[in-house]
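**Q** The sequence shown runs 1 to 194 under the UniProt record's numbering.
First, the structure itself, so that you have it in front of you.
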Amino acid sequence: MIAFVKGIVFRTLKDYVILDNNGIGYQIFTPNPQSFQYGSEVTLFTYQHVREDAILLFGFAKWEEYELFLRLIEVKGLGPKTAVNILSVSSAARLVEAIEQNDVAYLKSMPGIGAKTAQQIVLDLKNKLVVVESELGGKKEVLSDSLQDANDALLALGYKQSEINKVLKQVSAMEYAGSDEAIRLSLNLLANRK
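If you want it as structure tokens, here you go:
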């Protein structure tokens, strides 16, 4: 599995970018490839999709887009190309908001998404995506799996979502190795607040 590719933008096309990494060109499908400037160095978090006839790379400049992409491709009937197309027209935060608010009309406006698939997205992902709102400018971020696990554990322990959001924002800026450590750090921060 290729976790990320760092390289120089060699070419941008309609739905993918070609990155030059030490003389090897990687074709990576990505939301909005035209946003990458020719000759600039970029790092893309990647997902490798293996089909019978091809091996494809899908890449994301932002970790939260990558995390949301992984959740989207878990939805029955939703492939990686459709997931990338969705993320090319919607921000991660807006998409999560639509899923949480059961906004099927918004989801149907996405390329390649009909009524059935929109309902399946809500059914499969509602209450499974957590977005933390930053105190700086209201920017929203999708949580990693470790922070998602910490959120679920803290909710199960009876903490309020508003308390959890503040603590998880702090934990996301720290270094931690996995869910257990994220939970431990969160509990320590909550204990120190009292």
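We put the beta carbon where it would ideally sit given N, CA and C, even for glycine.
Note that the coordinates shown come from a computational prediction; the quantities given were computed from them, not determined experimentally.
Would you mind working out which of Val167, Phe10, Val50 and Tyr26 sits nearest Phe36, comparing C-alpha positions?
**A** Closest by alpha carbon: Phe10.
**Q** Is it buried or exposed for Pro111, if we count other Cβ within 10 angstroms and need 16 for buried?
**A** Answer is exposed; the Cβ neighbour count stays below 16.
**Q** Would you call Ile24 buried or exposed, if buried means 16 or more other Cβ atoms sit within 10 Å of its Cβ?
**A** Under this definition Ile24 is an exposed residue.
**Q** Given this structure, state the Cα-to-Cα distance separating Gly114 from Lys108, to the nearest angstrom.
**A** Cα to Cα, Gly114 sits roughly 5 Å from Lys108.
**Q** Alpha carbon to alpha carbon, how far is Val122 from Ala92? Give it in angstroms, no decimals.
**A** If I take the Cα positions, the gap works out to 15 Å.
**Q** Thinking C-beta only, is Val104 closer than 7 Å to Leu119?
**A** Looking at the sequence provided, one finds Gln at residue 119 rather than Leu. Yes. Within cutoff.
**Q** Take Pro33 and list the residues in its own chain whose beta-carbon comes closer than 7 Å to its own, dropping the five residues that flank it on each side.
**A** These residues qualify, in order along the chain: Thr12, Leu13, Asp15, Tyr16 and Val17.
**Q** Under a Cβ-count criterion, where at least 16 other Cβ atoms within 10 Å of its own Cβ denotes burial, should Glu175 be classed as buried or exposed?
**A** Under this definition Glu175 is an exposed residue.
**Q** Nearest by alpha-carbon distance to Lys166: which of Leu185, Val84, Lys126 and Gly178 is it?
**A** Ranking the options by Cα distance to Lys166, first place goes to Leu185.
**Q** Between which residues of its own chain and Leu70 is the CB-CB distance below 8 Å, once the five residues before and five after are set aside?
**A** Once the five neighbours on either side are set aside, the close Cβ partners of Leu70 are Tyr47.
**Q** If you compare alpha carbons, which of Gly79, Tyr66, Ala83 and Asn151 is closest to Ser172?
**A** Looking at the Cα atoms, Asn151 is the closest of the given residues.
**Q** Identify every run of the alpha helix (DSSP H) within the segment 60-112, keeping only runs that are complete inside it and at least 4 residues long; order them along the chain.
**A** DSSP runs (the alpha helix (DSSP H)) wholly in the segment 60-112: 63-72, 80-89, 92-100 and 104-108.
**Q** Just tell me which of Val5, Asn85 and Leu129 has its CA closest to the CA of Glu64.
**A** Residue Leu129 is the option with its Cα nearest to Glu64.
**Q** Under 7 Å between the Cβ atoms of Leu44 and Val84?
**A** Contact flag unset, no.
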